[in-house]
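Oh and the sequence shown: position 210 is 210 in full-length UniProt numbering, straight run, nothing missing.
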Amino acid sequence: MMIEGWAVRVQKVEGERRRQELIAGDALDRTLHPRAEGSDLLIPVTGSPPGTERALFEEIQVPPTLPRHEQVGGIAIMQENDVSGAEEILKGRPSTHTVLCSEGAVKGEFRTKSFTTLAGIPTTRTTISEYGHRLIIDLSLAYFSSRLATERQRIHSYIAEGEVICDMFCGVGPFPIALSDRASWILACDKNPAAIHLLRENLLANNTGNVLPMLGDASHLGELFPDTFDRVLMNLPLIAIDFLPIADQITKPGATIHLYALQEQEGEYIDQIRSIILESTITERYLRSYSAGKWHAVYDIKKD
Ligand SMILES: C[S@@+](CC[C@H](N)C(=O)[O-])C[C@H]1O[C@@H](n2cnc3c(N)ncnc32)[C@H](O)[C@@H]1O
């Protein structure tokens with residue numbers, strides 16, 4: 001059945017990037033199929049933000065009774081301990097091998113979560129695909145979020161051929177794998193042994209030969225790699241700022257540091273950044289909402 005809704009019009013080549021942005025901003029209308037029109041793609045959106053237009057879309061036929069869940073690769077994650085609902089999801093979505101119940105928020109220094117299995121194969125391991133790359137993840141052993149997929153593409157678009165990059169908190173490697181085709185080489189560091197184990201599997205799965213995995217504490221990088229990198233990624237939002245002096249030490253003059261933070265006020269970290277890196281140009285960006293009054297931001301810090 002065709003339904004009229006609000007649409008964002010983009011060139012087909014820009015379609016996947018824009019779709020990911022809409023997902024990250026919670027603005028994609030998941031009840032309707034995107035539609036091609038000549039060289040354009042019409043993507044259905046919720047609400048009517050500026051630049052949208054009305055268009056007809058085909059409705060996505062989802063079994064109406066499936067309980068609420070988030071799909072990550074072959075795993076469906078529910079927030080409620082609903083065993084019969086989990087069985088319904090397993091039957092209703094043929095690509096799903098496991099239904100898990102999430103046991104609260106990410107915690108600890110490895111930023112991991114606990115789950116119980118409600119239906120299917122008892123595993124927290126699955127494979128997802130992101131912009132043509134395969135990522136093997138394990139939801140209980142190492143942090144992963146596909147909500148940063150668009151952000152990885154943004155960083156990719158800045159990289160000059162042959163840059164030397166460090167991801168100080170790399171997890172299973174989504175940033176290094178997304179950036180490796182332009183970089184000369186990338187140091188990918190994490191303190192969580194399971195994350196580094198999965199990173200190594202992901203490097204093999206994606207034929208990535210220029211990423212050096214390092215199991216260790218990022219606080220030691222200063223002694224090991226002084227003045228080495230053109231770009232540094234710092235995705236450890238609660239405490240990345242504490243590691244900024246290290247990022248300063250390991251970067252060359254003119255380098256860029258991307259510092260991710262969780263904040264309640266615009267510009268919350270600017271004074272602290274300026275007190276650590278005296279000469280720099282700072283651009284702050286909103287990434288996504290975290291909870292009422294809190295959001296994820298990224299500070300792009302270009303050293304003079
Ligand atoms: C929020 S996750 C980000 C992972 C990855 N960059 C991504 O985007 O999926 C932060 C990561 O930092 C790691 N970590 C925490 N403290 C660390 C430290 N002192 N040194 C190195 N890694 C650390 C955790 O194990 C975790 O994998």
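C-beta atoms are modelled at their ideal positions from N, C-alpha and C, and glycine is treated no differently.
Remember, it's a predicted structure, so these values are computed and weren't measured experimentally.
- Within a 10 Å sphere around the beta-carbon of Leu259 sit 16 or more other beta-carbons, which makes this residue buried.
- DSSP, read as helix, strand or coil, puts Phe169 in coil.
- CA-CA distance, Arg274 to Glu268, rounds to 12 Å.
- According to the DSSP assignment, Lys303 belongs to the beta strand (DSSP E) that extends over 294-303.
- Val8 has its alpha-carbon roughly 13 Å from the corresponding atom of Leu32.
- Excluding residues up to 5 positions away in sequence, Lys303, Asp304 lie with their Cβ nearer than 8 Å to the Cβ of Pro253 in the same chain.
- Secondary structure of Lys191 (DSSP, three-state): coil.
- Looking at the backbone, the Cα of Leu233 and that of Asp82 are separated by about 39 Å.
- Ligand 1 approaches Lys191 closely enough that one of its heavy atoms is under 7 Å from the residue's Cβ.
- Rounded to whole angstroms, the separation of the alpha carbons of Thr65 and Phe110 is 36 Å.
- Gln249 is the residue among Phe243, Gln249, Pro237, Met214 whose C-alpha sits nearest the C-alpha of Asp230.
- Its chain contains Val72, Gly73, Arg125, Thr126, Thr127, Ile128, Phe144, Val172, Leu198 as the residues whose beta carbon lies nearer than 8 Å to that of Ile137, once the 5 sequence neighbours on both sides are disregarded; these appear in chain order.
- Judged by DSSP in its simplified three-state form, Lys113 adopts coil rather than helix or strand.
- Taking a 10 Å sphere around the C-beta of Tyr299, we find 16 or more other C-beta atoms and assign the residue as buried.
- Shortest gap from the CB of Glu109 to any heavy atom of ligand 1: under 7 Å.
- The three-state reading of DSSP puts Gln249 in helix, counting H, G and I together.
- Residue environment: Arg18 is assigned as buried (16 or more neighbouring CB atoms within 10 Å of its CB, all protein chains considered).
- Ranked by Cα distance from Pro67, the first of Thr46, Ile3, Gly47, Lys91 is Lys91.
- If you draw a 10 Å sphere on the C-beta of Gly5, you find 16 or more other C-beta atoms in it, and that means buried.
- Relative to ligand 1, Pro226 has its C-beta separated by 7 Å or more from all heavy atoms.
- Setting aside the 5 residues that flank it on each side, Arg93 is surrounded in the same chain by Ala76, each with a C-beta closer than 7 Å to its C-beta; the list follows chain order.
- Within the model, the alpha-carbon separation for Ala149 versus Cys189 is close to 19 Å.
- Look at Ser146: its beta carbon is at least 7 Å from all of the heavy atoms in ligand 1.
- Rounded to the nearest whole angstrom, the C-alpha separation of Glu87 and Gly216 is 41 Å.
- Within its own chain, the residues whose Cβ lies closer than 8 Å to the Cβ of Met2, once the five positions on either side in sequence are excluded, are Leu56, Phe57, Glu58, Glu59, listed in chain order.
- Around the CB of Ser180, 16 or more other CB atoms lie within 10 Å, so the residue is classed as buried.
- Taking 7 Å as the cut-off, one finds no heavy atom of ligand 1 near enough to the beta carbon of Tyr299.
- Rounded to the nearest angstrom, the gap between the Cα atoms of Asp271 and Pro122 is 47 Å.
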